[in-house]
Structures are given as structure tokens and as C-alpha cells.
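Under numbering that gives the first Met the number 0, think of the first position of the sequence shown as 0, with each following residue one higher. Here a beta-carbon is modelled for each residue, glycine too, at the ideal position from N, C-alpha and C.
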Amino acid sequence: MKSLLHKFVFLSILLNTCSLAFAQKNDIGSLLILVKTDKEDTTKINHLLEVSNFYSRQNTDSSIYFAVAAKEIAEKTKNRKQLANAHSAIGLARFVKGDFSKALENHFTALKIDEELNNKYGIAKRFGSIGNVYKEQGDYPKAFDYYLKALKIFEEAEDKNKIATCLANIGDIYIIQGDYFKGLDYHFKALKIYKELGDKNKIAISIGNIGRNYSILANSTYDKNRGLFFSKALDYSLESLKLAEESGNKRLIATMLQNIAGIYSSEGNQTEALPYLFKALKINEELNDQNMISIMQCNIGHIYTIQKQYKEAEKYLLKAVKASESTGSMSSLRDSEDALAILYDNMSNYKQAFIHYKKAAELKDTLFSQENRKQLVRKEMNFEFEKKEALTKAQNEARQKIAEEKNRKQKIITWAVGLGLLLVAVFAGFILRSLRITRKQKKLIEQQKDEVSHQKVIADSQRIIAEEQKHIVEEKQKEIVASITYAKRIQTALLTSNEYIKTHLPSDHFILFKPKDIVSGDFYWAISINSLPGWDMGTNKVKLPADKIRKNTFYMMTADCTGHGVPGAFMSMLNISYLHENIVERGIRLPHDILNAQRKEIIQALNPAGSIEEAKDGMDCILCVYDFDKMLLHFSAANNPLWLVRNGELTEYKADKMPVGKYNEKTLSFTLQTITLQKEDIIYTSTDGFADQFGVNGKKLMKKKFKEELLKIHCLPMNKQKEYLDQFFESWKGDNAQVDDVCVTGIKI
Numbered sequence: 000m001k002s003l004l005h006k007f008v009f010l011s012i013l014l015n016t017c018s019l020a021f022a023q024k025n026d027i028g029s030l031l032i033l034v035k036t037d038k039e040d041t042t043k044i045n046h047l048l049e050v051s052n053f054y055s056r057q058n059t060d061s062s063i064y065f066a067v068a069a070k071e072i073a074e075k076t077k078n079r080k081q082l083a084n085a086h087s088a089i090g091l092a093r094f095v096k097g098d099f100s101k102a103l104e105n106h107f108t109a110l111k112i113d114e115e116l117n118n119k120y121g122i123a124k125r126f127g128s129i130g131n132v133y134k135e136q137g138d139y140p141k142a143f144d145y146y147l148k149a150l151k152i153f154e155e156a157e158d159k160n161k162i163a164t165c166l167a168n169i170g171d172i173y174i175i176q177g178d179y180f181k182g183l184d185y186h187f188k189a190l191k192i193y194k195e196l197g198d199k200n201k202i203a204i205s206i207g208n209i210g211r212n213y214s215i216l217a218n219s220t221y222d223k224n225r226g227l228f229f230s231k232a233l234d235y236s237l238e239s240l241k242l243a244e245e246s247g248n249k250r251l252i253a254t255m256l257q258n259i260a261g262i263y264s265s266e267g268n269q270t271e272a273l274p275y276l277f278k279a280l281k282i283n284e285e286l287n288d289q290n291m292i293s294i295m296q297c298n299i300g301h302i303y304t305i306q307k308q309y310k311e312a313e314k315y316l317l318k319a320v321k322a323s324e325s326t327g328s329m330s331s332l333r334d335s336e337d338a339l340a341i342l343y344d345n346m347s348n349y350k351q352a353f354i355h356y357k358k359a360a361e362l363k364d365t366l367f368s369q370e371n372r373k374q375l376v377r378k379e380m381n382f383e384f385e386k387k388e389a390l391t392k393a394q395n396e397a398r399q400k401i402a403e404e405k406n407r408k409q410k411i412i413t414w415a416v417g418l419g420l421l422l423v424a425v426f427a428g429f430i431l432r433s434l435r436i437t438r439k440q441k442k443l444i445e446q447q448k449d450e451v452s453h454q455k456v457i458a459d460s461q462r463i464i465a466e467e468q469k470h471i472v473e474e475k476q477k478e479i480v481a482s483i484t485y486a487k488r489i490q491t492a493l494l495t496s497n498e499y500i501k502t503h504l505p506s507d508h509f510i511l512f513k514p515k516d517i518v519s520g521d522f523y524w525a526i527s528i529n530s531l532p533g534w535d536m537g538t539n540k541v542k543l544p545a546d547k548i549r550k551n552t553f554y555m556m557t558a559d560c561t562g563h564g565v566p567g568a569f570m571s572m573l574n575i576s577y578l579h580e581n582i583v584e585r586g587i588r589l590p591h592d593i594l595n596a597q598r599k600e601i602i603q604a605l606n607p608a609g610s611i612e613e614a615k616d617g618m619d620c621i622l623c624v625y626d627f628d629k630m631l632l633h634f635s636a637a638n639n640p641l642w643l644v645r646n647g648e649l650t651e652y653k654a655d656k657m658p659v660g661k662y663n664e665k666t667l668s669f670t671l672q673t674i675t676l677q678k679e680d681i682i683y684t685s686t687d688g689f690a691d692q693f694g695v696n697g698k699k700l701m702k703k704k705f706k707e708e709l710l711k712i713h714c715l716p717m718n719k720q721k722e723y724l725d726q727f728f729e730s731w732k733g734d735n736a737q738v739d740d741v742c743v744t745g746i747k748i
């Protein structure tokens, strides 16, 4: 896992908000006097918003107070334009406070008002503010979209200040998504504009952004330029800190202290990093920024963990969890839980380490859940005035229902009283007779009461037993889920890591792996064999030259074991074990020989001699052997085909129609197939989970449609192909359940 301290360099300086007015004390004093003496008109609204603007980066509660006062006057005077500005000011203060959900509500309300007024400049400002919130929430595609919308309007208005702000924000998105040099290019464009405008505060912020981005670039590379990037990051950050201290911009001072700490930490100098973090923490505590406080405490705690000061580390990390919970920031809470898991692991407290690791994993799943993103979009569109309207309507309906119910009850009571009196008169003559009958029945009733009491005791006992059984079932279910989740960690460890594949595969590639359940019956596995002994020609049915497969050889399998979930996972781990045994330990090199050996091992394991039941478990797979020195691909396939895209045309190579396992038909050797590779060839392999998925139309995707999509995207970079296939699969699936595990690989020669 990457160090949590790398989070330092991903925190935005927020050009849209960090450059707010920093009025002198005498200026704010004059404004407060005017606020008290102004009439309730546009002038007073402007002064209230200026005061709110002043407090927005220093005291968010005060900022909200004055912005709400401005909103109330705007509503009273029906000043729609200033009402939008007031909602935006409230949204800004809530954003700084870390209350992102409510900040979005205010910004969307302001946007709706500006759209109704056709106020393009106001619309552009709202787009920028909404983009800032999405960026902090980690929804970068939405943030990027809103920044582009804002940039277009500001360019039409030729507002250089706002253009520079948008350029910087777009640069941030590129940096976060890994396009570091493009991101830096946008930040340098922004800095050039600020220098032309002579805005010292914005220059300081822009220089700080560039320093932060060089730090990100340094952390993302391990080549000879790493040291140069760290040096540039430190130089720009120190220059920004100096300018921030000259201007008194506390928010920027805290941010740059944090970035400098991150630079030192990334270079392994934790002792130098700690003082900067404590200074940043103190400033954020003065600003009452709970979100930043939690991040500082998390970083301090993690450094103490590295320094083996476990008691201090635990203290700060527990504070960070508490602060994250108060702000509702799941990303900060996830980082704090992750840091606690690392701490307890270092302390050998594996029980606590597993508890916090599980919490961090659950938060990560929640953050990237597609369903949660859909719910967030729906919540964003519930504007504040619509909520008030719905609340008022509900209250009126409730009051009306209460009144109707009251009248209905009154009528019932009236009729009941009248009918009761009539019945009393009619049955008065029967009272004496009823008394005699009652005496006779009294004894019987008492006996029945005893019986009812006895039955009640029995019913209570049964209820208690049922509740205990329910509790036991729930606890067992939790234990089972926890065990399966831990099994996922084991299965993930057996899969070949992405770092290994990147290191040993000299080609661009992607792997789309989407288990249906917690663990998977699909798997992918790879190994690089850099020196090969000769093989026994007497055991090879297909005789190939001795140099047919040679050094610089890369083996990669895409496989679909029988079943999914826990049974499938057991099969996948069994097959991975046999692959390692057959290729590494036994030295079998040709793909068809390997599959033949795998089949023999599986049958022996699942169908031992004398077995009464016949298991037909096995796997469908494609095993590829890439000889990059001779530009050859040797492969064997069981049930699943291999696809080659060359010069815009897709060719399908058929598989043997039998599994790697027990088979009713005659057992034949798997076929060895060989392809002469060319530059720009793309090899695709896949299990059947993608093509078998039911869509919103109730039909399966099918392999024909899947191949059409592969041909459509083959010109894209491999990482973009993976993103497209993932998004296409989720869109096709819609609200349907995933029917099977999914594993798709692509390798570009």
C-alpha cells in the first residue's frame, strides 16, 4: 500500500476559495458598523455578504450566520440575484467546514436561480463552486465537466482572473488522474495570467499548486528525475509559503506547511516533516476546519507509526477518526482507519489490525460504489426550496387529516352514545337474568384466564427462544462474511500482482477483473521465464525446434473455474497451485502440455480412484506464451476463444471444445496454436461472464456484441479500453444482478 503520507500532495489549494478577501481589522470593523445601521435593502445585503466572505476562511460559523442574514433579506425584498449570491456564500462556508452534501444543496439552489435569471456570469461561478465540491468528494469526472462549463463562459466574458482559476482547477484533475505534465502545463498557464494581473495572493497560491504537483510527480516515478522533481517541489512550496506569510493568508500558510511536510516525508525525512505538520494543525484548529484537522492528525499519527512511537501514533489516529466522523468525510475516515490498521499490525495486535483494515475496505467499497454515486446525483437535485415546498405541503396534509379524523371520531362518539342509551333501555329487563348467568359463568371465566396465562407464558418462552436463534444466525452470518472476506485477501495474494506484470510484460495491457461475489471462480495468472532449459522431445507429441520458446518468455492465463463464490474460489486456488507446480517446478513449457498436465492433476484430485461420485469440476481457459524475441505467440484454449485485432480487423481463434477437467467424450490432447505477431497487434482473452450478462432489455450481451465493442475501442489506450469496458458492462447490466464472474485481458504488442 502506498504511504498515507502521499495524501499530502493530493489536497487542493482551491483557487476558487483560498483567494477570498483578507480585509484589515479596521475594514471589517467598518463593515460591521454599516451592517447594523443599513436599511434592509441591496446595500445591506452586499455588506452582509462581504462580512461573510471575510469570515469564510477563518470562522465558518460566523460566515454562515451573516450569509443566512443576507438570504433572509433577499427573500423578503424579492432580490433574486442577491438570493443566489447568498446561497453560494452559505455553500462556500459549508464547503470549507467540510459539510460537502449541504454545500452542494446551496450551490445547486444558487445555480437554479441564476439559470432562471439567465445570469451567465453567476452560472459560471456556480459551475466552478460545484466543481470544487465534487473534486473534494473524489468525483473527478463531474468536477472536470463543471470546470469546463465554467471556463467556456469566462472565456466568452474575457475574465482573465476566472479563466486562470478554471485552468488551475482543470490542471488539478489531470494531476489526480495521472497526466502530470499536462496538469503542470495548465498550472503554468494560470500562473502566467496571475503575473500579468499582478495579483500577489493568486501568484502565491499558483506557485504553491505547482510545488504540490511537482511533489505528486516525484512520488509517481522512481527514475533519475525523481530527485529533481522533489527539489523543484520544495523550492516552489517554500516560495509560496514565504509569499503567504507576507500576505497573512492563514489557509495558504497551513496548506504549504502541509505540502512541505509531505515532501520531506516522501524523501524519508520524517523528523523534518513533523514540525511542519504540527504548525499546519495549529492553524487549522484556529480556523476550525475539522476536515483538515482530521487529515493533519492522520498524517502525524502515521509518521509516529513509522518512528515506532506507537502510543503517540494511536492517540492522534483515534482523534483523526473522531474528527472524520464529525465531518462525514468518508475518504478521510478511510485513510484514518487504514493508518490504524498499519499501526496495530506493527504493534502485532492483529485482531485490531484486521478490524480497522475491514472498516477501511468497507469505506473504500462505499466510496467507489456505482449505486452510491447514483444516489448522490439524486440528492444533489433536491434543491432547498423544493424541500421547503414539500415540507409545507406535507404539514398541511397532516393538519387536514388530523381535523378529518377528529370530526370522524366525534361523529362515532355521538352515535355510540345514542345507541348505547337505546340499548340500555331495551336490555334493562334482561339485567337480572344476565346476573344469574354471569355467576354461573364466572367460575368458567376464571378457569379460562388461568389457561390464557399459561398460554402466554408458553408464547413468551417461544418468542425468547426465537430471538436467541435469530441472534445466533446473525452472528454466524457475520462470522461467515468475515471469513469469506479474509479468504478474498488470500485469493488476491495468489493472483499475479499488477506490479509484477508491469515489470515483466514489455507491452501495454489491461486486466478487467470483476468478481460476482466476494471471492471469484475466475482468475488470471502470469509468470516470466527468463531462462529455459531444453525439454524432453520424447514426451512432446508436437515436435518443435529447440529454440521455438526461448528466454524473454511470458506466460499468461485467463481462466473460468466451475462455479463462482466460495466453490469457484477453491477451484481457482487449486488451479493456480497446479500451474506453479507444472511450469516452475516440473519445467513444462508448451501451453498444450501444461493444460494436459493440469487436466490430469484436477481429475486425480477431484476423481480419485475408487471414488463413488464423479465430479465434473474443472476450468475453461486460454494459456498464452509470448516469445517477444521472435515475436511469436503460442497458445492453447479450452472452450474460450482468443481474439486478435490487426489493422482494424478482428480474427477469432477457436478453442478446443473440452474443459480442463473431467470430460464425457474421448480425452484428446489440447491443440497447440501459434501466431506470428506484428507491432500494434492486440490480443484479447475473456471468460464468459461478460458476454453472458443480462441487460436492462432482459437479453444476454452475447459474444457477437462483445466482439463489436472490442473492435470499436481497439484504437484507444489500454487503460481507457478498460475504463470503457467497465462502464459499458455496468450500463448494460443496469439494476440487474451480475450473473457470473468477469475477467477480460488485453495485451498490445
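- cysteine 297 versus alanine 232: straight-line alpha-carbon distance, rounded: 22 Å
- Query: Cβ-heavy atom distance between arginine 250 and the ligand ADP below 7 Å?
  - Reply: Inclusion of the ligand ADP in the displayed structure is not the case, the ligand content being empty and no account of it being possible.
- Task: Look up aspartate 507 in the DSSP assignment and say whether it is helix, strand or coil.
- Result: strand
- Determine, using beta carbons only, whether aspartate 739 and lysine 515 come nearer to each other than 8 Å. Going by C-beta atoms, aspartate 739 is nearer than 8 Å to lysine 515.
- Message: Taking contact to mean 3 or more Cβ pairs, one atom from each stretch, closer than 8 Å, check whether the stretch 681-690 and the stretch 636-648 are in contact.
- Response: yes
- Which value, in whole angstroms, describes the spacing of the CA atoms of leucine 573 and glutamate 600? 10 Å
- Quick one: residues in its chain with C-beta nearer than 6 Å to the C-beta of threonine 814, no 5 flanking neighbours on either side, listed in chain order? Residue 814 lies beyond the range of the chain shown here (0 to 748); nothing can be said about it.
- Task: Please specify which runs of the alpha helix (DSSP H), each continuous and at least 4 residues long, are wholly inside the stretch 227-281, giving them in chain order.
- Result: 249-265
- Just the Cα atoms here: how many angstroms apart are threonine 552 and serine 527? 6 Å
- Item | Close-in-space but distant-in-sequence residues of the same chain around serine 325 (CB under 7 Å, 5 per side omitted) | The answer, listed in chain order, is Gln289.
- Query: Per DSSP, glycine 660 is paired with what?
  - Reply: Gly617
- Whole-angstrom C-beta distance between isoleucine 122 and arginine 79, which should lie under 8 Å: That belief does not hold up - the Cβ atoms of arginine 79 and isoleucine 122 are roughly 13 Å apart, past 8 Å.
- Task: Would you tell me roughly how many angstroms separate the C-alpha atoms of phenylalanine 728 and isoleucine 215, rounded to the nearest one?
- Result: Put simply, the backbone Cα of phenylalanine 728 is about 32 Å away from that of isoleucine 215.
- Message: Checking 8 Å against the spacing of the C-beta atoms, do serine 496 and alanine 568 come in under that value?
- Response: Not closer than 8 Å, so no.
- Task: Evaluate glycine 28 with the Cβ neighbour count: other Cβ atoms within 10 Å of its Cβ, from every protein chain shown; 16 or more gives buried, anything less gives exposed.
- Result: The residue is exposed, with fewer than 16 neighbouring Cβ atoms inside 10 Å.
- Three-way DSSP call (helix, strand, coil) for cysteine 714 in this model: coil
- State yes or no: is the C-beta of tyrosine 523 within less than 8 Å of the C-beta of isoleucine 510? yes
- Task: Could you check the C-alpha separation between alanine 558 and lysine 653 for me, to the nearest Å?
- Result: 16 Å
- Item | Identity of the residues DSSP links to histidine 633 by a beta bridge | Val624 and Thr673
- Check each candidate in Arg645, Thr666, Trp731 and Leu700 and name the one with the smallest Cα separation from histidine 713. Arg645
- Please classify serine 530: is it buried, with 16 or more other beta-carbons within 10 angstroms of its beta-carbon, or exposed? With a pLDDT of 42 at serine 530, under the threshold of 50, the modelled position of that residue is not reliable, and the figure given next carries that caveat. Its Cβ having fewer than 16 others within 10 Å, serine 530 is exposed.
- Could you say which of Asn58, Lys281, Thr502 and Glu195 lies nearest to alanine 253 if we only look at CA atoms? Of Asn58, Lys281, Thr502 and Glu195, the residue nearest in Cα terms is Lys281.
- Item | serine 331 to leucine 91 span [Cα, whole Å] | 20 Å
- When the Cα of serine 335 is compared with those of Lys350, Ser347, Gln446 and Ala360, which residue comes out closest? Ala360
- Message: Comparing C-alpha positions only, which one of Ala83, Tyr54, Tyr145 and His470 sits nearest to asparagine 248?
- Response: Among Ala83, Tyr54, Tyr145 and His470, the Cα nearest to that of asparagine 248 belongs to Tyr54.
- Buried versus exposed, by CB contacts within 10 Å (16 or more), tryptophan 731: buried
- With DSSP run on the structure shown, which of helix, strand or coil describes glycine 130? For glycine 130, the three-state secondary structure derived from DSSP is helix.
- Message: If I measure Cβ to Cβ from isoleucine 483 and keep anything under 7 Å in the same chain, skipping five residues before and after, which residues do I get?
- Response: Ile517, Val518 and Val565
- Item | Three-state secondary structure assigned by DSSP to alanine 558 | strand
- Item | Strand pairing of arginine 462, partner residues [DSSP] | Partner(s): none; arginine 462 has no beta bridge.
- Would DSSP call glycine 733 helix, strand or coil? Of the three classes helix, strand and coil, the one that applies to glycine 733 here is coil, per DSSP.
- Buried or exposed: methionine 380, going by 16 or more other Cβ atoms within 10 Å of its Cβ? Legend: pLDDT at methionine 380 = 39, less than 50; position of this residue unreliable, value from coordinates given subsequently. When all chains shown are included, methionine 380 counts as exposed.
- Query: How many whole angstroms separate the CB atoms of methionine 295 and asparagine 283, which I take to be in contact at a CB cut-off of 8 Å?
  - Reply: 6 Å
- Endpoints, alpha helix (DSSP H) assigned at phenylalanine 569: 564-579
- Can asparagine 105 and arginine 93 be called in contact, C-beta distance under 8 Å? Result yes, Cβ atoms of asparagine 105 and arginine 93 sit closer than 8 Å.
- Item | Cut-off 6 Å between Cβ atoms - residues of its own chain near alanine 492, not counting five sequence neighbours on either side | none
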